[in-house]
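For reference, the structure discussed in these notes is given below.
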Amino acid sequence: MPECLFCGIAAGEIPATVVLDGKRVIAFRDVNPQASTHVLVIPRDHYPNVAALASAGDGLLNELITEAHQVAVAEGIADSGYRIVFNTGPGAGQTVGHVHAHVLGGRPMTWPPG
Ligand code: AMP
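Per the numbering used here, the sequence shown starts with residue 102, numbered consecutively.
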């Protein structure tokens, strides 16, 4: 079993409700949803956070965002509006050290976030 939870999901070793299964990117439903749509979009390869993913510089971050939008389209929330969140660091609430975009929608969103 890999030490990283999301590496385990990407490898199919840990169960998840997968909604998008790409070559470099995979998306699955959050186990503790904070909105009627709450999907996590991750690269299959391990990067600890979005800055590390950006530094890789091979288009993977662009692909991740493009796929996050495709998830929003497939979930029917692209037109009503959705939020993409990268919690980065413990003070921001990051609890899993494998970069993940939260795609949230299907309910009114307030600002500032909690
Ligand atoms: P963050 O707190 O930004 O690091 O987000 C981690 C997210 O992963 C949280 O929203 C958790 O609910 C979610 N999560 C934790 N374990 C799993 C799992 N096994 N499958 C799907 N989502 C998970």
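Glycine residues also receive a C-beta, built at the ideal position from the N, C-alpha and C atoms.
query: Counting only the same chain and skipping the five closest in sequence on each side, list residues whose C-beta sits under 8 Å from that of ASP198.; result: Note on identity: in this sequence residue 198 is Gly, with Asp being the wrong assignment. Here the set comprises CYS105, PRO149, ASN150.
query: Within the present structure, is the beta-carbon of GLN195 separated from the nearest heavy atom of the ligand AMP by less than 7 Å?; result: yes
query: So what does GLY206 bridge to, in DSSP terms?; result: THR138, TYR183
query: Considering Cα atoms alone, identify which of ALA112, THR138, GLY190, ILE185 is closest to HIS147.; result: ALA112
query: Comparing alpha-carbon positions, which option in PRO144, TRP212, THR189, ARG208 lies nearest ALA179?; result: ARG208
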